[in-house]
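Undergrad: Add 1 to a position in the sequence shown, counting from 1, and you land on the number used in this note's numbering.
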Amino acid sequence: MDVKTLSSSIFNFSAKFCNELDKSKSVVSSPLSAEFLLALLTLGSEDPAHSELLTSLGISADDQ
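1. Touching or not, the region 48-63 and the region 22-29, by the rule of three or more beta carbon pairs under 8 Å?
2. I'd like to know if Ile-11 contacts chain D, where contact means its C-beta is closer than 8 Å to some C-beta of that chain.
3. Please say whether Leu-33 and Ser-57 have beta carbons closer to each other than 8 Å?
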């Protein structure tokens, strides 16, 4: 995976993550921490969970 693809997937995940937060309340969150956690889970997972985690991170199987 090249740097441009990686940075694009991080940006897209962060945007989706923030859009899912409850806008009527004050919230402190870290999209990057959530993404790191999902990436670690992906390393130890097998299909079908592996594919689902990659999809949630915005990474295609071809980008690995």
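Glycine included, each C-beta is placed from N, C-alpha and C at the ideal position.
All values derive from a computational prediction rather than experimental measurement.
TA: Let me spell this out:
1. They do not touch, by the three-pair rule.
2. Among the chains of the structure shown, chain D does not appear; only one protein chain is present.
3. For the purposes of this step, residue 57 is identified with residue 56 of the sequence shown, where counting begins at 1. For the purposes of this step, residue 33 is identified with residue 32 of the sequence shown, where counting begins at 1. Contact flag unset, no.
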